[in-house]
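S.K.:
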Amino acid sequence: MTARGPQWRVLPVALVLWGTVLGAAGPGTGPGEGTRADEYRVKAAFLFNFAKFIEWPSSSFSGTTTPLQVCVLGVDPFGSTLDDTLRGRAVAGRPIQVRRMTEPDRSCHLLFISTSERKRLPLITEQLRGASILTVGEDDGFIAAGGMIELISDGDNVQFNVSPLAAERAGLHVSARLVSLAANQRHASGGRR
1 MTARGPQWRV LPVALVLWGT VLGAAGPGTG PGEGTRADEY RVKAAFLFNF
51 AKFIEWPSSS FSGTTTPLQV CVLGVDPFGS TLDDTLRGRA VAGRPIQVRR
101 MTEPDRSCHL LFISTSERKR LPLITEQLRG ASILTVGEDD GFIAAGGMIE
151 LISDGDNVQF NVSPLAAERA GLHVSARLVS LAANQRHASG GRR
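The opening residue of the sequence shown carries number 1 in our numbering; numbering runs sequentially from there.
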(Lines of atoms letter the chains of each structure in order from A and count residues from 1; the text may use other names and numbers.)
(Lines give C-alpha, C1' and ligand atoms only; values in the text may rest on other atoms or scores of the structure.)
Protein backbone atom coordinates (compact mmCIF):
# COMPACT_ATOMS: atom_id res chain seq x y z
CA MET A 1 0.00 0.00 0.00
CA THR A 2 1.34 3.46 -0.82
CA ALA A 3 1.23 6.45 1.50
CA ARG A 4 -1.83 7.61 -0.37
CA GLY A 5 -3.77 4.36 0.17
CA PRO A 6 -7.23 4.07 1.72
CA GLN A 7 -6.03 4.79 5.28
CA TRP A 8 -4.78 8.22 4.24
CA ARG A 9 -8.14 9.08 2.67
CA VAL A 10 -9.87 8.42 6.00
CA LEU A 11 -7.63 10.82 7.93
CA PRO A 12 -8.97 14.10 6.43
CA VAL A 13 -12.54 12.89 6.91
CA ALA A 14 -11.76 11.90 10.50
CA LEU A 15 -10.22 15.30 11.19
CA VAL A 16 -13.20 17.14 9.68
CA LEU A 17 -15.66 15.01 11.66
CA TRP A 18 -13.67 15.44 14.88
CA GLY A 19 -13.44 19.20 14.30
CA THR A 20 -17.19 19.30 13.79
CA VAL A 21 -17.70 17.29 16.98
CA LEU A 22 -15.53 19.69 18.97
CA GLY A 23 -17.20 22.69 17.36
CA ALA A 24 -20.66 21.36 18.16
CA ALA A 25 -19.60 20.46 21.68
CA GLY A 26 -18.41 23.96 22.44
CA PRO A 27 -15.31 25.10 24.30
CA GLY A 28 -13.64 23.03 26.98
CA THR A 29 -14.17 19.58 25.53
CA GLY A 30 -10.71 18.72 24.35
CA PRO A 31 -8.75 15.64 25.29
CA GLY A 32 -7.62 15.40 28.88
CA GLU A 33 -10.63 17.09 30.44
CA GLY A 34 -12.29 13.73 31.23
CA THR A 35 -15.20 14.84 33.41
CA ARG A 36 -18.58 13.18 32.97
CA ALA A 37 -20.07 16.49 31.75
CA ASP A 38 -17.37 16.77 29.08
CA GLU A 39 -17.94 13.15 28.05
CA TYR A 40 -21.64 13.76 27.49
CA ARG A 41 -20.99 17.06 25.72
CA VAL A 42 -18.85 15.11 23.24
CA LYS A 43 -21.46 12.34 22.99
CA ALA A 44 -24.17 14.94 22.30
CA ALA A 45 -22.03 16.29 19.46
CA PHE A 46 -21.60 12.76 18.14
CA LEU A 47 -25.40 12.35 18.04
CA PHE A 48 -25.66 15.53 15.97
CA ASN A 49 -22.97 14.31 13.59
CA PHE A 50 -24.48 10.84 13.29
CA ALA A 51 -27.72 12.46 12.14
CA LYS A 52 -25.82 14.33 9.41
CA PHE A 53 -24.48 11.06 8.00
CA ILE A 54 -27.78 9.13 7.94
CA GLU A 55 -30.47 9.19 5.26
CA TRP A 56 -34.00 8.48 6.42
CA PRO A 57 -36.73 7.42 4.00
CA SER A 58 -38.90 10.37 2.95
CA SER A 59 -41.85 8.56 4.54
CA SER A 60 -40.23 9.19 7.95
CA PHE A 61 -41.20 12.86 7.71
CA SER A 62 -44.59 14.43 7.05
CA GLY A 63 -43.05 17.40 5.20
CA THR A 64 -39.75 18.93 4.09
CA THR A 65 -39.38 21.01 7.26
CA THR A 66 -40.67 18.41 9.72
CA PRO A 67 -38.27 18.44 12.70
CA LEU A 68 -35.79 15.65 13.24
CA GLN A 69 -36.81 14.03 16.53
CA VAL A 70 -33.83 13.17 18.74
CA CYS A 71 -35.11 11.15 21.69
CA VAL A 72 -33.59 9.85 24.92
CA LEU A 73 -35.15 6.69 26.30
CA GLY A 74 -34.71 6.02 30.03
CA VAL A 75 -32.58 7.87 32.56
CA ASP A 76 -31.10 10.88 30.76
CA PRO A 77 -27.30 11.06 31.21
CA PHE A 78 -27.05 14.32 29.21
CA GLY A 79 -29.03 16.71 31.40
CA SER A 80 -29.32 20.03 29.57
CA THR A 81 -26.16 19.32 27.53
CA LEU A 82 -28.05 17.62 24.70
CA ASP A 83 -30.52 20.50 24.42
CA ASP A 84 -27.71 23.07 24.56
CA THR A 85 -25.69 21.24 21.89
CA LEU A 86 -28.60 20.82 19.48
CA ARG A 87 -30.39 24.15 20.04
CA GLY A 88 -30.61 26.15 16.82
CA ARG A 89 -29.05 23.38 14.74
CA ALA A 90 -30.57 21.64 11.74
CA VAL A 91 -29.89 18.50 9.73
CA ALA A 92 -30.67 18.61 6.01
CA GLY A 93 -32.69 21.78 6.62
CA ARG A 94 -34.73 20.18 9.39
CA PRO A 95 -34.74 21.75 12.83
CA ILE A 96 -33.95 19.36 15.68
CA GLN A 97 -36.33 18.63 18.54
CA VAL A 98 -35.14 16.85 21.68
CA ARG A 99 -37.55 14.65 23.62
CA ARG A 100 -37.22 12.39 26.64
CA MET A 101 -39.33 9.32 27.25
CA THR A 102 -39.81 6.22 29.35
CA GLU A 103 -41.23 4.06 26.54
CA PRO A 104 -40.05 3.73 22.91
CA ASP A 105 -41.84 6.04 20.50
CA ARG A 106 -41.86 5.24 16.79
CA SER A 107 -42.03 8.95 15.91
CA CYS A 108 -38.36 9.38 16.91
CA HIS A 109 -35.74 9.55 14.18
CA LEU A 110 -32.70 9.09 16.41
CA LEU A 111 -33.18 7.26 19.70
CA PHE A 112 -30.47 7.26 22.35
CA ILE A 113 -31.18 4.27 24.59
CA SER A 114 -29.83 4.90 28.09
CA THR A 115 -27.91 2.29 30.05
CA SER A 116 -30.88 2.28 32.45
CA GLU A 117 -32.72 0.30 29.75
CA ARG A 118 -30.06 -2.43 29.52
CA LYS A 119 -32.35 -5.23 30.71
CA ARG A 120 -35.15 -4.14 28.36
CA LEU A 121 -32.92 -3.73 25.29
CA PRO A 122 -34.04 -6.92 23.49
CA LEU A 123 -37.69 -5.95 24.04
CA ILE A 124 -37.05 -2.37 22.88
CA THR A 125 -35.29 -3.45 19.68
CA GLU A 126 -38.17 -5.85 18.99
CA GLN A 127 -40.73 -3.04 19.53
CA LEU A 128 -38.83 -0.85 17.07
CA ARG A 129 -38.44 -3.54 14.40
CA GLY A 130 -39.39 -2.11 11.01
CA ALA A 131 -39.28 1.51 12.22
CA SER A 132 -36.79 3.85 10.53
CA ILE A 133 -35.19 4.92 13.81
CA LEU A 134 -31.43 5.20 14.28
CA THR A 135 -30.70 3.57 17.64
CA VAL A 136 -27.66 4.68 19.61
CA GLY A 137 -26.47 3.35 22.96
CA GLU A 138 -23.41 3.05 25.13
CA ASP A 139 -23.76 -0.42 26.63
CA ASP A 140 -21.21 -3.09 25.78
CA GLY A 141 -22.95 -5.41 23.36
CA PHE A 142 -25.45 -2.77 22.20
CA ILE A 143 -24.95 -3.73 18.55
CA ALA A 144 -25.12 -7.45 19.33
CA ALA A 145 -28.51 -6.78 20.98
CA GLY A 146 -29.82 -5.17 17.78
CA GLY A 147 -28.64 -1.55 18.17
CA MET A 148 -27.11 0.41 15.29
CA ILE A 149 -24.44 2.66 16.82
CA GLU A 150 -22.58 1.91 20.04
CA LEU A 151 -20.67 4.74 21.72
CA ILE A 152 -17.45 3.64 23.43
CA SER A 153 -15.72 5.68 26.14
CA ASP A 154 -12.05 4.85 26.45
CA GLY A 155 -10.40 7.17 28.94
CA ASP A 156 -10.58 10.63 27.43
CA ASN A 157 -11.65 9.33 24.02
CA VAL A 158 -15.10 8.61 22.66
CA GLN A 159 -15.32 6.25 19.69
CA PHE A 160 -18.15 4.34 18.13
CA ASN A 161 -19.01 1.05 16.50
CA VAL A 162 -21.64 0.85 13.80
CA SER A 163 -23.83 -1.85 12.29
CA PRO A 164 -24.74 -0.72 8.77
CA LEU A 165 -26.72 -3.94 8.37
CA ALA A 166 -29.00 -3.16 11.34
CA ALA A 167 -29.54 0.36 9.96
CA GLU A 168 -30.28 -1.00 6.48
CA ARG A 169 -32.89 -3.37 7.94
CA ALA A 170 -34.61 -0.29 9.37
CA GLY A 171 -34.62 1.45 5.98
CA LEU A 172 -31.78 3.82 6.88
CA HIS A 173 -28.74 4.55 4.75
CA VAL A 174 -25.47 5.06 6.65
CA SER A 175 -22.91 7.17 4.80
CA ALA A 176 -19.76 5.28 3.83
CA ARG A 177 -17.82 8.17 5.40
CA LEU A 178 -19.40 7.46 8.79
CA VAL A 179 -18.84 3.72 8.46
CA SER A 180 -15.15 4.29 7.66
CA LEU A 181 -14.71 6.21 10.93
CA ALA A 182 -16.25 3.53 13.14
CA ALA A 183 -13.79 1.70 15.39
CA ASN A 184 -15.13 -1.76 14.48
CA GLN A 185 -14.93 -1.04 10.74
CA ARG A 186 -11.38 0.38 10.91
CA HIS A 187 -10.28 -2.62 12.99
CA ALA A 188 -11.89 -5.08 10.54
CA SER A 189 -10.14 -3.45 7.58
CA GLY A 190 -6.73 -3.47 9.28
CA GLY A 191 -6.75 0.26 10.06
CA ARG A 192 -5.59 1.75 13.33
CA ARG A 193 -7.96 1.47 16.19
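Even for Gly, the Cβ is constructed at its ideal location relative to N, Cα and C.
If distances are taken between C-alpha atoms only, which option among 41, 156, 114 and 134 comes closest to residue 60?
M.R.: Start at 1 with the first residue of the sequence shown, and residue 60 comes out as number 60. Selected option, being the one with the closest Cα: 134.
S.K.: Grab me the residues of residue 159's own chain with a C-beta within less than 7 Å of its C-beta, minus the 5 sequence neighbours each way, in chain order.
M.R.: Along the sequence shown, read from residue 1 onward, the residue named residue 159 stands at position 159. Result list for residue 159: 152 and 183, in chain order.
S.K.: For residue 147, which residues of its own chain have a beta-carbon under 6 Å away from its beta-carbon, when the five flanking residues on both sides are left out?
M.R.: If you number the sequence shown from 1, residue 147 lands on position 147. Around residue 147: 135 and 137.
S.K.: Would residue 98 and residue 51 qualify as a contact pair, given that the criterion is a beta-carbon distance under 8 Å?
M.R.: Residue mapping note: residue 98 aligns to position 98 of the sequence shown, counting from 1. Residue mapping note: residue 51 aligns to position 51 of the sequence shown, counting from 1. Going by C-beta atoms, residue 98 is not nearer than 8 Å to residue 51.
S.K.: Smallest Cα separation from residue 179: which of 154, 54, 118 and 111?
M.R.: For the purposes of this step, residue 179 is identified with residue 179 of the sequence shown, where counting begins at 1. For residue 179, the nearest C-alpha among the options comes from 54.
S.K.: Once the 5 residues before and after residue 118 are set aside, which same chain residues still bring their CB inside 6 Å of it?
M.R.: The count along the sequence shown starts at 1 and reaches residue 118 at position 118. Result list for residue 118: 139, in chain order.
S.K.: Of the residues 177, 115 and 106, which one's Cα is nearest the Cα of residue 76?
M.R.: Here residue 76 refers to the residue found at position 76 of the sequence shown. The residue with the shortest Cα to Cα distance from residue 76 is 115.
S.K.: Around the Cβ of residue 62, are there at least 16 other Cβ atoms within 10 angstroms (buried) or fewer (exposed)?
M.R.: Mapped onto the sequence shown, residue 62 falls at position 62. Label assigned to residue 62: exposed.
S.K.: For residue 73, count neighbouring Cβ atoms within 10 angstroms of its own Cβ and tell me buried if that reaches 16, exposed if not.
M.R.: Your numbering for residue 73 matches position 73 in the sequence shown. Residue 73 should be labelled buried.
S.K.: Can you find the residues in the same chain that come closer than 7 Å, C-beta to C-beta, to residue 96, ignoring five residues on each side of it along the sequence?
M.R.: Taking the first residue of the sequence shown as position 1, residue 96 is located at position 96. Closer than 7 Å at Cβ, skipping near neighbours: 67, 68, 70, 86, 89 and 90.
S.K.: Taking the continuous beta strand (DSSP E) assigned at residue 136, which residues delimit it?
M.R.: Along the sequence shown, one-based indexing puts residue 136 at 136. Run containing residue 136: 134 to 137, per the beta strand (DSSP E) assignment.
S.K.: Report, in whole angstroms, the separation of the C-beta atoms of residue 145 and residue 164, which I expect to be a contact under 8 Å.
M.R.: Here residue 145 refers to the residue found at position 145 when the sequence shown is read from its first residue. Here residue 164 refers to the residue found at position 164 when the sequence shown is read from its first residue. With a Cβ gap of about 16 Å, residue 145 and residue 164 do not count as contacting.
S.K.: Do residue 112 and residue 172 have their beta-carbon atoms positioned less than 8 Å apart in this structure?
M.R.: Counting from 1 along the sequence shown, the entry for residue 172 is found at position 172. Counting from 1 along the sequence shown, the entry for residue 112 is found at position 112. No. Outside cutoff.
S.K.: Taking the C-alpha atoms as reference points, what is the distance between residue 36 and residue 65?
M.R.: The residue you call residue 36 lines up with position 36 of the sequence shown. The residue you call residue 65 lines up with position 65 of the sequence shown. For residue 36 and residue 65, the distance between alpha carbons rounds to 34 Å.
S.K.: Comparing alpha-carbon positions, which option in 42, 130 and 84 lies nearest residue 167?
M.R.: Taking the sequence shown and counting its residues from 1, the one referred to as residue 167 is at position 167. Minimum Cα distance to residue 167 is reached at 130.
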